[in-house]
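Colleague: Sequence order for the protein chains is A and B. Under the numbering used here, the first residue of the first sequence carries the number 1, and numbering increases by one thereafter. Under the numbering used here, the first residue of the second sequence carries the number 1, and numbering increases by one thereafter. Ideal placement from N, C-alpha and C gives every residue a C-beta, glycine not left out. I am attaching a structure below and will ask some questions about it afterwards.
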Amino acid sequence: MSATFTFTIDGKEIKGQPGQTIMEAAEAAGVYIPRLCYSKDLRPHGSCRVCTCMVNGRPQAACTQPAAEGMVVENNTDELQAIRRDLVEMLFVEGNHFCPFCEKSGNCELQAMAYRLGITAPKFPYLWPDRSVDASHPEVFIDRNRCILCGRCVNASKDADGKNVFQFVGRGEHKRVAVNAEANLADTDLKGTDRAVAVCPVGAILVKHKGYATPVGRRSYDQKPIGSEIESKRK
Amino acid sequence: MVTNASTTAGTRKITIEPVTRVEGHGKVTLHLDEKNNVSQARLHIVEFRGFERFIQGRPYWEVPVIVQRLCGICPVSHHLAAAKAMDRIVGGENLTPTAEKMRRLMHYGQMFQSHALHFFHLVSPDLLFGFDADPAVRNVIGVAAKFPDLAVQGVMMRKFGQEIIKATAGKKIHGTGAIPGGVNKNLSVQERDFFLKDMEQMLAWARSALSIAKDYTAEHLAELKDFGSFESNHLSLVRKDGAMDLYHGVLRAVDAKGERVLNDVDYQEYAKHIAEEVRDWSYMKFPFMKSVGPEKGWYRVGPLARLNTADFIDTPEAEAARKEFKAVTGGKPNNITMAYHWARMIECLHSAEKINDLLHDKDLQGTDLVTKGERREEAVGLIEAPRGTLFHHYRVNKQDQVTMANLIVSTTNNNEPMNRAVQKVAQDCISGKPEVTEGLLNRIEVAIRAYDPCLSCATHAMGRMPLDVEIHDCEGKVVDRRQRD
Ligand code: SF4
Ligand code: FES
Numbered sequence: 001m002s003a004t005f006t007f008t009i010d011g012k013e014i015k016g017q018p019g020q021t022i023m024e025a026a027e028a029a030g031v032y033i034p035r036l037c038y039s040k041d042l043r044p045h046g047s048c049r050v051c052t053c054m055v056n057g058r059p060q061a062a063c064t065q066p067a068a069e070g071m072v073v074e075n076n077t078d079e080l081q082a083i084r085r086d087l088v089e090m091l092f093v094e095g096n097h098f099c100p101f102c103e104k105s106g107n108c109e110l111q112a113m114a115y116r117l118g119i120t121a122p123k124f125p126y127l128w129p130d131r132s133v134d135a136s137h138p139e140v141f142i143d144r145n146r147c148i149l150c151g152r153c154v155n156a157s158k159d160a161d162g163k164n165v166f167q168f169v170g171r172g173e174h175k176r177v178a179v180n181a182e183a184n185l186a187d188t189d190l191k192g193t194d195r196a197v198a199v200c201p202v203g204a205i206l207v208k209h210k211g212y213a214t215p216v217g218r219r220s221y222d223q224k225p226i227g228s229e230i231e232s233k234r235k
Numbered sequence: 001m002v003t004n005a006s007t008t009a010g011t012r013k014i015t016i017e018p019v020t021r022v023e024g025h026g027k028v029t030l031h032l033d034e035k036n037n038v039s040q041a042r043l044h045i046v047e048f049r050g051f052e053r054f055i056q057g058r059p060y061w062e063v064p065v066i067v068q069r070l071c072g073i074c075p076v077s078h079h080l081a082a083a084k085a086m087d088r089i090v091g092g093e094n095l096t097p098t099a100e101k102m103r104r105l106m107h108y109g110q111m112f113q114s115h116a117l118h119f120f121h122l123v124s125p126d127l128l129f130g131f132d133a134d135p136a137v138r139n140v141i142g143v144a145a146k147f148p149d150l151a152v153q154g155v156m157m158r159k160f161g162q163e164i165i166k167a168t169a170g171k172k173i174h175g176t177g178a179i180p181g182g183v184n185k186n187l188s189v190q191e192r193d194f195f196l197k198d199m200e201q202m203l204a205w206a207r208s209a210l211s212i213a214k215d216y217t218a219e220h221l222a223e224l225k226d227f228g229s230f231e232s233n234h235l236s237l238v239r240k241d242g243a244m245d246l247y248h249g250v251l252r253a254v255d256a257k258g259e260r261v262l263n264d265v266d267y268q269e270y271a272k273h274i275a276e277e278v279r280d281w282s283y284m285k286f287p288f289m290k291s292v293g294p295e296k297g298w299y300r301v302g303p304l305a306r307l308n309t310a311d312f313i314d315t316p317e318a319e320a321a322r323k324e325f326k327a328v329t330g331g332k333p334n335n336i337t338m339a340y341h342w343a344r345m346i347e348c349l350h351s352a353e354k355i356n357d358l359l360h361d362k363d364l365q366g367t368d369l370v371t372k373g374e375r376r377e378e379a380v381g382l383i384e385a386p387r388g389t390l391f392h393h394y395r396v397n398k399q400d401q402v403t404m405a406n407l408i409v410s411t412t413n414n415n416e417p418m419n420r421a422v423q424k425v426a427q428d429c430i431s432g433k434p435e436v437t438e439g440l441l442n443r444i445e446v447a448i449r450a451y452d453p454c455l456s457c458a459t460h461a462m463g464r465m466p467l468d469v470e471i472h473d474c475e476g477k478v479v480d481r482r483q484r485d
């Protein structure tokens with residue numbers, strides 16, 4: 001193993017290895033940096049900016065920024081948490097998120113992040129966009145109303161599944177996840193067991209017929225906030 | 001989601017938030033002839049049906065959870081009615097014993113708390129203080145001051161029922177417990193024991209609430225007999241053997257004399273037997289039995305109807321109470337509007353007995369929770385909600401999306417009966433007297449409230465529904481108006 005180096009996050013000394021991002025080094029040390037688009041084992045997409053930290057005094061996305069010797073990283077500060085809150089609130093109002101009846105509730109990273117950051121009701125106006133669903137596939141349902149454009153499905157399909165089922169089309173507020181097929185999802189070689197399906201952080205790509213099989217109380221984030229699985233690794 | 005619905009009458013504009021509220025305001029119009037006699041009395045309820053459109057295209061397994069947004073008052077009934085329809089969609093209508101019993105426990109918990117809330121918070125002020133009592137006293141605060149034990153009982157019974165809902169559905173409101181073909185959890189031994197420790201107390205309070213309702217009705221029978229009363233058909237589910245069954249069964253209707261109008265038919269075919277009439281003055285439809293026609297085919301639903309349709313009740317204490325109830329009308333159907341309260345408290349005790357039986361049933365700790373079979377594309381789910389029969393009807397395409405939904409809620413089923421009750425009270429109490437006093441207003445309210453309609457105003461625990469009463473003279477001019485909100 002190559003030589004390690006040290007840097008600090010919120011004053012705590014963290015050991016880094018060459019090639020690690022700040023996110024990876026932090027995670028290995030049991031320090032949680034809030035994130036939405038980043039998913040372990042996938043190429044970072046760097047789009048949501050929820051992981052923004054102050055690195056040597058400048059804002060950087062922790063999921064893409066390589067860690068380096070002597071770096072001074074600020075993560076859990078009031079100012080950064082406020083920025084994260086705004087970013088997450090914007091994601092809520094940009095889509096149509098009805099947590100009370102969404103089957104992803106309790107397992108949804110967006111919802112869990114909102115809880116962790118203490119968001120109750122967004123202060124921005126809802127945009128109520130008109131977005132489509134795709135129910136054509138026998139095993140998988142796409143509900144674009146809930147998509148946060150994290151890019152996980154796009155990368156997972158390419159890198160993990162070797163399929164290239166998803167891609168982004170459009171720009172700005174018209175950007176959306178499309179499928180690489182004549183018409184719709186049923187025309188792709190996607191399987192319900194693909195990584196691309198499992199990695200969606202919200203209820204936008206769902207395995208059909210599962211619904212609410214897990215009772216309230218036993219879902220991923222019912223008992224502990226998101227990130228606590230990482231923080232519990234801290235010695 | 002926010003929708004604006006303006007009335008064609010142009011008198012008011014109503015803003016409805018369909019995700020949170022469906023049925024809103026109660027409005028009564030009274031028309032007088034030259035002699036100041038009531039020529040027409042109508043109850044207008046704003047019913048929101050946008051939901052049926054809202055769920056178009058949604059996957060079917062979402063429906064039992066979404067549909068609870070329709071109603072903040074009895075979401076569990078909608079949850080279960082939709083789940084029953086979706087059971088059939090996945091071919092899983094023959095539930096495992098654990099699943100059926102968990103669903104029943106949830107339902108009886110809901111029935112128990114809803115009936116207790118209605119009786120203690122909304123009805124008891126009228127019964128304990130009288131219809132004409134000072135409204136400043138005639139409310140739940142007044143009850144709490146004068147009869148503190150009763151007020152506490154009401155709160156505790158409601159809490160008990162809500163805890164049962166939480167243990168079966170996952171949350172007190174808008175849970176996820178019933179899923180297509182079954183349930184997502186069983187009842188742990190700890191959960192069971194938590195309820196068992198309070199069970200005797202709940203049974204005792206249900207008995208005492210029943211005796212308050214019974215004694216009151218018996219004592220005041222002479223005056224209550226005609227109050228807002230009229231002859232009607234009565235409709236509900238009954239178990240195949242004729243027992244009262246609040247969760248499942250076949251559709252039965254009897255007429256005012258007790259003759260069968262609907263003879264235990266399969267509710268999958270409800271549309272063959274029941275149609276909904278549209279009247280130009282009302283947003284809420286008027287259901288009726290096709291074999292009898294719109295004129296005479298309307299019916300009542302809810303506790304009174306269920307006492308009239310069932311041959312017996314399968315729990316001993318409620319059955320004994322049913323016999324006493326039937327004795328008042330010599331075994332014939334009871335058509336007294338104010339007898340709803342007595343019937344409701346019989347059901348409250350029945351629900352408590354059922355909960356007690358279920359808690360002693362080991363099937364609730366079973367682990368076989370879901371079944372499936374041959375997929376269907378159309379299904380109907382019916383349940384006896386606290387306020388009466390609730391119909392859910394769906395079509396689902398091959399891609400698992402809902403393409404059609406039709407709901408007939410209890411309050412819609414009782415639309416014509418509530419109108420009749422208002423007419424009766426108006427004719428008996430104000431014909432010849434153009435001034436609307438507070439006492440009259442309350443009498444109209446008392447008659448409507450007997451049906452426990454699912455108006456947001458019916459939940460007003462302060463004993464005053466936001467009610468708008470307009471009196472028109474023979475030329476249609478508004479001569480008097482009383483509003484409360
Ligand atoms: S569908 Fe899911 S995984 Fe794909 S971009 Fe949208 S939120 Fe991310
Ligand atoms: S997690 Fe780093 S930008 Fe989204």
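#1: Using 8 Å as the threshold, is the C-beta distance between B/W298 and B/E470 below it?
#2: Is the closest heavy atom of the ligand FES to the C-beta of A/L251 under 7 Å?
#3: Provide the residue(s) that pair with B/Y270 in DSSP beta bridges, ordered along the chain.
#4: Starting from B/T176, trace the alpha helix (DSSP H) both ways and give me its first and last residue.
#5: What would DSSP say about A/Y221, mapped onto helix, strand or coil?
#6: Use the C-beta contact count for B/K146: other C-beta atoms within 10 angstroms, 16 or more gives buried, fewer gives exposed.
#7: According to a CB-to-CB cut-off of less than 7 Å, which residues of the segment 128-157 of chain A neighbour chain B?
#8: For the ligand SF4, any of its heavy atoms closer than 7 Å to the Cβ of A/R152?
#9: Is the segment 77-90 of chain B touching the segment 363-383 of chain B, taking contact as three or more C-beta pairs under 8 Å?
#10: Report the neighbours of B/N171 on chain A: residues whose CB is nearer than 7 Å to its CB, in chain order.
#11: Which of helix, strand or coil does DSSP assign to B/F160?
#12: Please return the same chain residues whose Cβ sits closer than 6 Å to the Cβ of B/M462, not counting the five positions on each side in sequence.
#13: Would B/D400 count as contacting chain A if we go by Cβ distances under 8 Å?
#14: I want to check one thing, is the minimum distance from the CB of B/F54 to the heavy atoms of the ligand SF4 below 7 Å?
#15: Measuring alpha carbon to alpha carbon, tell me which residue in A/I33, A/V216, A/S232 is nearest A/F101.
#16: For B/A421 versus B/I383, is the C-beta spacing smaller than 8 Å?
#17: Just to confirm before moving on: does the CB-CB distance between B/N406 and B/V301 stay below 8 Å?
#18: Would you report the Cα separation of A/L80 and A/E231, rounded to the nearest angstrom?
#19: What does a CB cutoff of less than 6 Å around B/D452 pick up in its chain, not counting 5 residues either side in sequence?
#20: Is the shortest distance between the beta-carbon of B/P59 and the beta-carbons of chain A less than 8 Å?
#21: Look at B/E277 and B/P294 and say whether their C-beta atoms are less than 8 Å apart.
#22: Anything in chain B within Cβ reach of A/F101, meaning under 7 Å, just list it in chain order.
#23: Please tell me whether, using a cut-off of 7 Å, the distance from the CB of A/C200 to the nearest non-hydrogen atom of the ligand SF4 is below it.
#24: Taking DSSP as the reference, what is the three-state secondary structure of B/M284?
#25: Which residue or residues does DSSP assign as beta-bridge partners of B/A209?
#26: Name the residue from B/A169, B/F194, B/F195, B/D198 whose alpha carbon lies nearest to the alpha carbon of B/K185.
#27: Is it true that the segment 1-20 of chain A meets the segment 68-84 of chain A, where meeting means three or more beta-carbon pairs spaced less than 8 Å apart?
#28: Would B/A206 pass as a contact of B/C348 if the rule is Cβ separation under 8 Å?
#29: Can you find a CB in chain A that lies within less than 8 Å of the CB of B/K185?
#30: For A/T188, does the three-state DSSP call read helix, strand or coil?
#31: Rounding to the nearest angstrom, what Cα-Cα distance links B/D280 and B/K424 in this structure?
Modeller: Working from what's here:
#1: Translated into positions along the second sequence, residue 298 of chain B becomes position 298. Translated into positions along the second sequence, residue 470 of chain B becomes position 470. Against a cut-off of 8 Å, the Cβ pair of B/E470 and B/W298 comes out as no contact.
#2: The question about residue 251 of chain A has no answer here: the residues shown for chain A are numbered 1 through 235.
#3: On the second sequence, residue 270 of chain B is found 270 positions in, with the first residue counted as 1. Answer is none; B/Y270 lacks a bridge partner.
#4: Taking the second sequence and counting its residues from 1, one reaches residue 176 of chain B at position 176. Neither: B/T176 is in no alpha helix (DSSP H) and is coded neither H nor E.
#5: The residue you call residue 221 of chain A lines up with position 221 of the first sequence. Of the three classes helix, strand and coil, the one that applies to A/Y221 here is coil, per DSSP.
#6: Here residue 146 of chain B is taken as the residue at index 146 of the second sequence, counted from 1. Flag for B/K146 reads exposed.
#7: V133, A135, S136, F141
#8: Here residue 152 of chain A corresponds to residue number 152 of the first sequence, with the count starting at 1. Flag set: Cβ of A/R152 near the ligand SF4.
#9: yes
#10: As a working note, residue 171 of chain B is residue 171 in the second sequence. Per the sequence shown, the amino acid found at residue 171 of chain B is Lys instead of Asn. By Cβ distance, chain A contributes V216.
#11: On the second sequence, residue 160 of chain B is found 160 positions in, with the first residue counted as 1. Looking at B/F160 - three-state DSSP - the assignment turns out to be helix.
#12: Taking the first residue of the second sequence as position 1, residue 462 of chain B is located at position 462. In this predicted model, B/M462 has a pLDDT of only 37, less than 50, meaning its place in the structure is not dependable; the value taken from the coordinates is given anyway. Counting only Cβ-Cβ distances below 6 Å, and skipping sequence neighbours, we find N139.
#13: Against the second sequence, residue 400 of chain B aligns to sequence position 400. Chain A, which has a Cβ nearer than 8 Å to the Cβ of B/D400, makes this yes.
#14: Here residue 54 of chain B is taken as the residue at index 54 of the second sequence, counted from 1. No, the beta carbon of B/F54 sits no closer than 7 Å to any heavy atom of the ligand SF4.
#15: In the first sequence, counting from the first residue as 1, residue 101 of chain A sits at position 101. Checked all of A/I33, A/V216, A/S232; the closest Cα to A/F101 is A/V216.
#16: Along the second sequence, one-based indexing puts residue 421 of chain B at 421. Along the second sequence, one-based indexing puts residue 383 of chain B at 383. Their beta carbons are not under 8 Å apart, which means B/A421 does not touch B/I383 by this criterion.
#17: For the purposes of this step, residue 406 of chain B is identified with residue 406 of the second sequence, where counting begins at 1. For the purposes of this step, residue 301 of chain B is identified with residue 301 of the second sequence, where counting begins at 1. No, the pair does not count as a contact, with Cβ atoms beyond the cut-off.
#18: Start at 1 with the first residue of the first sequence, and residue 80 of chain A comes out as number 80. Start at 1 with the first residue of the first sequence, and residue 231 of chain A comes out as number 231. C-alpha separation (whole angstroms): 18 Å.
#19: On the second sequence, residue 452 of chain B is found 452 positions in, with the first residue counted as 1. Cβ neighbours of B/D452 beyond the five flanking positions: H118, R387.
#20: Along the second sequence, one-based indexing puts residue 59 of chain B at 59. With 8 Å as the cut-off, B/P59 counts as an interface residue toward chain A.
#21: Here the question's residue 277 of chain B lines up with position 277 in the second sequence. Here the question's residue 294 of chain B lines up with position 294 in the second sequence. Contact: yes.
#22: Against the first sequence, residue 101 of chain A aligns to sequence position 101. The answer, in chain order, is E62, V65, I66, R69.
#23: Along the first sequence, read from residue 1 onward, the residue named residue 200 of chain A stands at position 200. Yes.
#24: Taking the first residue of the second sequence as position 1, residue 284 of chain B is located at position 284. B/M284 falls in the coil class under three-state DSSP.
#25: As a first step, residue 209 of chain B is located in the second sequence; it is residue number 209 there, counting from the start. B/A209 pairs with nothing; no bridge assigned.
#26: Here residue 185 of chain B refers to the residue found at position 185 when the second sequence is read from its first residue. Checked all of B/A169, B/F194, B/F195, B/D198; the closest Cα to B/K185 is B/A169.
#27: yes
#28: Position 206 of the second sequence, counting from 1, holds the residue named residue 206 of chain B. Position 348 of the second sequence, counting from 1, holds the residue named residue 348 of chain B. Yes, these two residues count as a Cβ contact at 8 Å.
#29: To locate residue 185 of chain B, count along the second sequence from 1; it is residue 185. Yes, B/K185 lies at the interface with chain A (some Cβ there is under 8 Å from its Cβ).
#30: If you number the first sequence from 1, residue 188 of chain A lands on position 188. It is coil, neither helix nor strand.
#31: Locating residue 280 of chain B in the second sequence gives position 280, counting from the first residue. Locating residue 424 of chain B in the second sequence gives position 424, counting from the first residue. When rounded, the distance between both Cα atoms is 22 Å.
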